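One structure is given below, encoded as structure tokens.
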Amino acid sequence: MDSFAIQKKVYNKVDAKYPPVIACSHGTLFIYSTANGQIRLFLSGEENNVELAKSPFVESRVTCIAISPAHNFGVTCYEDGSILIYNLIHNKIVKSLSKELKGPITHISFISDTDFLIFDANLNLTLFSLA
Numbered sequence: 727m728d729s730f731a732i733q734k735k736v737y738n739k740v741d742a743k744y745p746p747v748i749a750c751s752h753g754t755l756f757i758y759s760t761a762n763g764q765i766r767l768f769l770s771g772e773e774n775n776v777e778l779a780k781s782p783f784v785e786s787r788v789t790c791i792a793i794s795p796a797h798n799f800g801v802t803c804y805e806d807g808s809i810l811i812y813n814l815i816h817n818k819i820v821k822s823l824s825k826e827l828k829g830p831i832t833h834i835s836f837i838s839d840t841d842f843l844i845f846d847a848n849l850n851l852t853l854f855s856l857a
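Counting in my numbering, the sequence shown runs from 727 upward without gaps.
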């Protein structure tokens with residue numbers, strides 16, 4: 727174990743004021759929420775923050791975020807069961823599902839470029855497919 731090396735890089739240009747909800751993909755693209763609920767992309771190669779379209783769910787807090795493997799879509803989930811789907815290529819919201827689930831969403835994971843699983847606080851596992 728002594729010969730095992732770890733590299734560390736600190737990104738100082740991430741615009742977060744408190745510990746954010748964060749997701750990353752392939753080490754170059756991060757998506758996170760800010761204190762005011764704004765969703766941002768962070769491109770680590772360029773150390774650049776990109777603001778995404780404002781969420782319509784201003785009354786609810788982001789609980790989890792995921793990025794599709796091809797970086798085409800980002801999904802944010804909220805404590806009121808709402809789901810927001812972004813097209814990351816065109817920086818726009820493609821679908822807004824208000825209170826889609828009956829409680830806080832606790833986990834999300836893409837299983838393909840167009841399919842993702844969501845687990846909620848009521849212990850329900852739901853598969854969503856983008857058509």
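Yeah, the Cβ is synthetic: ideal placement off N, Cα and C, and Gly gets one too. In this text the structure is predicted, and so the values were computed from the model without any measurement.
Neighbourhood of residue i by C-beta, 6 Å cutoff - its chain only, sequence neighbours within 5 removed
| i | result |
| --- | --- |
| residue 827 | 807 and 846 |
| residue 749 | 757, 791, 792 and 793 |
| residue 739 | 773 |
| residue 803 | 789, 790, 809, 831 and 834 |
| residue 852 | 844 |
| residue 771 | 754 |
Cα-Cα separation, residue i to residue j
| i | j | result |
| --- | --- | --- |
| residue 834 | residue 778 | 19 Å |
| residue 775 | residue 857 | 29 Å |
| residue 822 | residue 737 | 31 Å |
| residue 854 | residue 769 | 27 Å |
| residue 843 | residue 832 | 11 Å |
| residue 805 | residue 786 | 6 Å |
| residue 840 | residue 734 | 32 Å |
| residue 767 | residue 730 | 31 Å |
| residue 759 | residue 765 | 5 Å |
| residue 818 | residue 849 | 30 Å |
| residue 762 | residue 781 | 10 Å |
| residue 829 | residue 783 | 14 Å |
| residue 795 | residue 837 | 8 Å |
| residue 732 | residue 816 | 36 Å |
Other residues of its chain near residue i: CB distance less than 7 Å, five sequence neighbours each side excluded
| i | result |
| --- | --- |
| residue 797 | 751, 755 and 814 |
| residue 728 | none |
| residue 747 | 758, 759, 788, 789, 790 and 791 |
Beta-bridge pairing of residue i - partner residues as DSSP gives them
| i | result |
| --- | --- |
| residue 756 | 750 and 768 |
Residues of its chain near residue i, where Cβ-Cβ distance is below 8 Å and the 5 sequence neighbours each way are ignored
| i | result |
| --- | --- |
| residue 812 | 765, 778, 779, 799, 800, 801, 802, 818, 819 and 820 |
| residue 825 | 806, 807 and 808 |
Could you pull out every unbroken beta strand (DSSP E) segment of at least 3 residues lying fully inside the region 825-856, listed in chain order?
831-836, 841-846 and 851-855
Where in the region 759-836 do unbroken runs of the beta strand (DSSP E), each at least 3 residues long, occur, reported from the N-terminal end onward?
765-769, 774-777, 788-793, 799-804, 809-813, 818-823 and 831-836
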